[in-house]
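Working notes, beginning with the structure itself.
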Amino acid sequence: MTRDHDRILDYTRAFAREYDDMARERARDRESERSTRKRTANQTSQTRETQTNAVKRPKVTTLKRYHANSLAHLNPNTSQVEPSLRSTTRQLEDGEIASEKSTKPETSRNEQQTPTMPFEPARSCTFCGQKHWTSLCNEYPTIVQRLRRVYALKKCEKCLAPEDHSQEDCRKSHPCFYCRKANRVKEMNEHHTALCEFTFK
-6 MTRDHDRILD
4 YTRAFAREYD
14 DMARERARDR
24 ESERSTRKRT
34 ANQTSQTRET
44 QTNAVKRPKV
54 TTLKRYHANS
64 LAHLNPNTSQ
74 VEPSLRSTTR
84 QLEDGEIASE
94 KSTKPETSRN
104 EQQTPTMPFE
114 PARSCTFCGQ
124 KHWTSLCNEY
134 PTIVQRLRRV
144 YALKKCEKCL
154 APEDHSQEDC
164 RKSHPCFYCR
174 KANRVKEMNE
184 HHTALCEFTF
194 K
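Note that our numbering gives residue 72 to position 79 of the sequence shown, counting from 1, and the numbers run on in steps of one.
This is the structure:
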């Protein structure tokens, strides 16, 4: 009986040792897996970070683009500064910039440089369809004619896009140039620059 008891005790101890060894081995495997996963995750995040840093470029806002492309061509001593500013604003409202870079002719210091119009309209006039700024349309020179044309074409008064949205839902991004300049905060987002009633007074 004691022999059986001793044998069972030996088996139990051997089994306990084996079980402990297996448990330790599993714990080591799990720890190894965790550290491998951590290393892989760190490498992946570092790779993503370097890729993101490589792709990041400074965002060129319309104001920066405006200064880079428009003000470089202006001579502040001339009276043509105002029309050039208006031209740039019209270009921003009517569509995307047609030419990203404009060449500046080299002139001597003594020679007076005349300002050039750096942009051409990317889209044709909303009112008559010809290639000029919408707010400079001579075929529809009065605000009444322009509004009638807008209603006839079923366009939105704020953005002059096809009226598939109500005026309240319009997401016009550029305020009216003239109202913004005159600090008419309430009115500047209510209409397109070409339909500004203050320019017709």
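Backbone N, C-alpha and C define an ideal beta-carbon position, used for all residues, glycine too.
Across which residues does DSSP place residue i in a beta bridge pair?
i	result
Pro155	Lys148
Rounded to whole angstroms, what's the CA-CA distance from residue i to residue j? Just pull it up for me.
i	j	result
Tyr144	His125	21 Å
Arg37	Asp22	The displayed chain sequence assigns Thr, not Arg, to residue 37. One C-alpha to the other measures close to 22 Å.
Phe191	Ala175	10 Å
Phe8	His(-2)	15 Å
Val178	Glu150	17 Å
His185	Arg141	14 Å
Cys163	Leu188	16 Å
Phe120	Ser166	20 Å
Arg17	Arg41	36 Å
For residue i, count neighbouring C-beta atoms within 10 Å of its own C-beta (all shown protein chains included) and say buried if the count is 16 or more, exposed if not.
i	result
Ser128	buried
Met181	buried
Arg139	buried
Pro134	exposed
Leu2	exposed
Glu93	Its pLDDT being 46, under 50, Glu93 is placed unreliably in this model, and the value from its coordinates should be taken loosely. With fewer than 16 other Cβ atoms within 10 Å, it is exposed.
Ala34	exposed
Tyr12	exposed
Tyr4	exposed
Could you spell out where the alpha helix (DSSP H) holding residue i opens and where it closes?
i	result
Arg116	Element bounds for Arg116: n/a, residue is neither H nor E.
So, at 6 Å on beta carbons, what are the nonlocal neighbours of residue i in its own chain, with the 5 sequence-adjacent residues on each side left out?
i	result
Glu156	Lys147, Lys148 and Cys149
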